[in-house]
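Student: Reading the sequence shown from the start, the letters are residues 303 to 391 in my numbering. For each residue, glycine too, the CB sits at the ideal point set by N, CA and C. Mind having a look at this structure? Questions to follow.
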Amino acid sequence: MSPVLGIEQNVNFEYIFFTDPNTTLPRVGSVNEDGSIQPLPIICGIPTSNFYEVIEADEHGIQATENPLPASSVKILAPITSHDILCVV
303 MSPVLGIEQN VNFEYIFFTD PNTTLPRVGS VNEDGSIQPL PIICGIPTSN
353 FYEVIEADEH GIQATENPLP ASSVKILAPI TSHDILCVV
């Protein structure tokens, strides 16, 4: 099983919102150093479908358990689809 993703491991993430090529559902992932996309499910295995779920789960609730996807296999979506943005850093 993969380690829990988080700040305690000094990992910087480039998050991406994309359409899963297998299900066509929106997903949240991180961009790996090689450019592949690592889907990010909540630790119970449920796929994350928006950035609010990632924020709510925090670094202890997300675990990389799926195989990375080639970037060419996903459709990249707008990062935030609602209009109530508080801050983007």
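So which of 340, 350, 325 has the shortest CA-CA distance to residue 368?
Tutor: Scanning 340, 350, 325 for the CA closest to the CA of residue 368 turns up 340.
Student: Could you tell me if residue 318 is buried or exposed, where buried requires 16 or more neighbouring beta carbons within 10 angstroms of its beta carbon?
Tutor: buried
Student: Can you give me the Cβ contacts of residue 338 inside the same chain, cut-off strictly under 7 Å, excluding the 5 residues immediately before and after it?
Tutor: 370, 371, 372, 373
Student: Between 333, 328, 358, 380, which lies nearest to residue 344 when the distance is taken from Cα to Cα?
Tutor: 358
Student: Give the C-beta separation of residue 353 and residue 330 to the nearest angstrom, bearing in mind that I take them to be a contact with Cβ-Cβ under 8 Å.
Tutor: 6 Å
Student: Of all the options 334, 333, 336, 328, which has the alpha carbon lying nearest to the alpha carbon of residue 348?
Tutor: 328
Student: Assuming contact is defined by CB atoms lying nearer than 8 Å, are residue 355 and residue 332 in contact in what I supplied?
Tutor: Taking 8 Å as the Cβ cut-off, residue 355 and residue 332 do not qualify as a contacting pair.
Student: What are the residues that DSSP puts in a beta bridge with residue 331?
Tutor: 318, 341
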